[in-house]
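Novice: Count the sequence shown with this note's numbering and you get residues 193 to 384, in order.
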Amino acid sequence: MPSKDKIQRCPWVPDEDELYIAYHDSEWGVPVYDDRRIFEFLVLETFQAGLSWRTVLHKRAHFREAFSGFEYEKIARFSDAKVAALLKDERIIRNRAKIKAAIQNAKCLLAVRKEFGTFSKYMWSFVQGKPIVHELRTIADYPPYTNEAVVFAKDLKKRGFSFLGPTVVYSHMQAIGMVNDHTISCFRFKSV
């Protein structure tokens, strides 16, 4: 990873947060095709709704532990007792609706996998299998969502997924590289 003093990053990356810098430099916008990793980001983006990504990022390791390594088969079988335990876990964001959404979304992901073979194949179909590259220059250029995110969110809702409106879906698309939204001056723009 390049030294933060010598390189240009996206304008939203806080200079003083090493974890955030590492996330930007090594993960954000890199195409992901593994269903478990895709589901991890889907869960994290769901919990981020209404909060800062920084908050979620700093709790990510705890989420990973609390949510069985983001193994969707296990999460789909979480019991009411497990939900109650999660609501008492101060290391994560304790929101009943978001916890229930993660469980519901795991069940829906399993149904999509039955239909498409992988969730990845289904998801990437919304961008014809390759990342959309935007040429953003400033933070003001970032859209809250795109037409692709609206279509994707509507289809997810139709399939029973919850807490995944266009803005959350677009954040997910950015995180897993369905869109390259690194600013053109960012050192990662051409490398992802």
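C-beta atoms are modelled at their ideal positions from N, C-alpha and C, and glycine is treated no differently.
For clarity, every value in this text was computed on a predicted model and none was experimentally measured.
For Pro223 and His326, I'd like the C-alpha separation in whole angstroms.
Specialist: By 1-based counting over the sequence shown, the position of residue 223 is 31. By 1-based counting over the sequence shown, the position of residue 326 is 134. About 15 Å.
Novice: Around the C-beta of Ile199, are 16 or more other C-beta atoms found within 10 angstroms, so that it is buried, or is it exposed?
Specialist: Stepping through the sequence shown from its first residue, residue 199 is reached at position 7. Flag for Ile199 reads exposed.
Novice: Which term fits Thr330, buried or exposed, when burial requires 16 or more other beta carbons within 10 angstroms of its beta carbon?
Specialist: Looking up residue 330 in the sequence shown gives position 138. Label assigned to Thr330: exposed.
Novice: Flag this pair as touching only if the segment 362-370 and the segment 219-238 have three or more C-beta atom pairs under 8 Å; answer yes or no.
Specialist: Yes, they touch.
Novice: Is it buried or exposed for Asp373, if we count other Cβ within 10 angstroms and need 16 for buried?
Specialist: Residue numbering aside, residue 373 sits at position 181 when the sequence shown is read from its first letter. Counting Cβ neighbours within 10 Å, Asp373 comes out buried, since at least 16 surround it.
Novice: Are there three or more Cβ pairs, one per stretch, closer than 8 Å when the segment 292-305 is compared with the segment 349-360?
Specialist: Contact holds: three or more Cβ-Cβ distances are below 8 Å.
Novice: If you follow the alpha helix (DSSP H) that Trp204 is part of, which residue opens it and which one closes it?
Specialist: If you number the sequence shown from 1, residue 204 lands on position 12. Segment: none, Trp204 is in no alpha helix (DSSP H) and carries neither H nor E.
Novice: Looking at the secondary structure, which residues open and close the alpha helix (DSSP H) in which Thr238 lies?
Specialist: Your numbering for residue 238 matches position 46 in the sequence shown. Counting along the chain, the alpha helix (DSSP H) containing Thr238 begins and ends at Asp227 to Gln240.
Novice: Flag this pair as yes or no: are the beta carbons of Phe259 and Ile267 separated by less than 8 Å?
Specialist: Translated into the one-based positions of the sequence shown, residue 259 becomes position 67. Translated into the one-based positions of the sequence shown, residue 267 becomes position 75. Closer than 8 Å, so yes.
Novice: Mapping DSSP to helix, strand and coil, what is Ser195?
Specialist: Position 3 of the sequence shown, counting from 1, holds the residue named residue 195. The pLDDT assigned to Ser195 is 49, lower than 50, so where the model puts this residue is not dependable; a value taken from the coordinates is nonetheless given after this. Ser195 falls in the coil class under three-state DSSP.
Novice: Restricting to Cα atoms, I'd like to know which of Gly221, Phe318, Glu210 and Gly261 is closest to Thr375.
Specialist: Position 183 of the sequence shown holds residue 375. That would be Gly221, whose Cα lies nearest to the Cα of Thr375.
Novice: Hey, could you find the ends of the alpha helix (DSSP H) Asp415 is sitting in?
Specialist: This structure gives no information on residue 415, because the portion of the chain shown stretches from 193 to 384.
Novice: Please list, in chain order, all residues of the same chain as Ala294 whose beta carbon is under 7 Å from its beta carbon, the five residues on each side excluded.
Specialist: What you label residue 294 is simply residue 102 of the sequence shown in a count that begins at 1. Result list for Ala294: Val235, Thr238, Phe259 and Ile267, in chain order.
Novice: Using the Cα positions of Ile291 and Glu232, report the straight-line distance between them to the nearest angstrom.
Specialist: As a first step, residue 291 is located in the sequence shown; it is residue number 99 there, counting from the start. As a first step, residue 232 is located in the sequence shown; it is residue number 40 there, counting from the start. Computed Cα separation, rounded: 13 Å.
Novice: Report buried or exposed for Pro336, applying the criterion of at least 16 other Cβ atoms within 10 angstroms of its Cβ.
Specialist: Taking the sequence shown and counting its residues from 1, the one referred to as residue 336 is at position 144. Pro336 should be labelled exposed.
Novice: What's the gap between the Cα of Phe318 and the Cα of Ser312?
Specialist: Position 126 of the sequence shown holds residue 318. Position 120 of the sequence shown holds residue 312. Taking the straight line from one Cα to the other gives about 10 Å.
Novice: Run through DSSP, which three-state label would Glu210 get?
Specialist: Here residue 210 refers to the residue found at position 18 of the sequence shown. Glu210: helix per DSSP, three-state reduction.
Novice: Under the three-state reduction of DSSP, which class applies to Val319: helix, strand or coil?
Specialist: The residue labelled residue 319 in the question sits at position 127 within the sequence shown. Correct three-state label for Val319: helix.
Novice: Answer with buried or exposed for Leu348, where buried requires no fewer than 16 other C-beta atoms within 10 angstroms of its C-beta.
Specialist: Counting from 1 along the sequence shown, the entry for residue 348 is found at position 156. Burial call: buried.
Novice: Pull up the DSSP beta-bridge partners for Ile324, would you.
Specialist: Taking the first residue of the sequence shown as 1, we reach residue 324 at position 132. Beta-bridge pairing links Ile324 to Val371.
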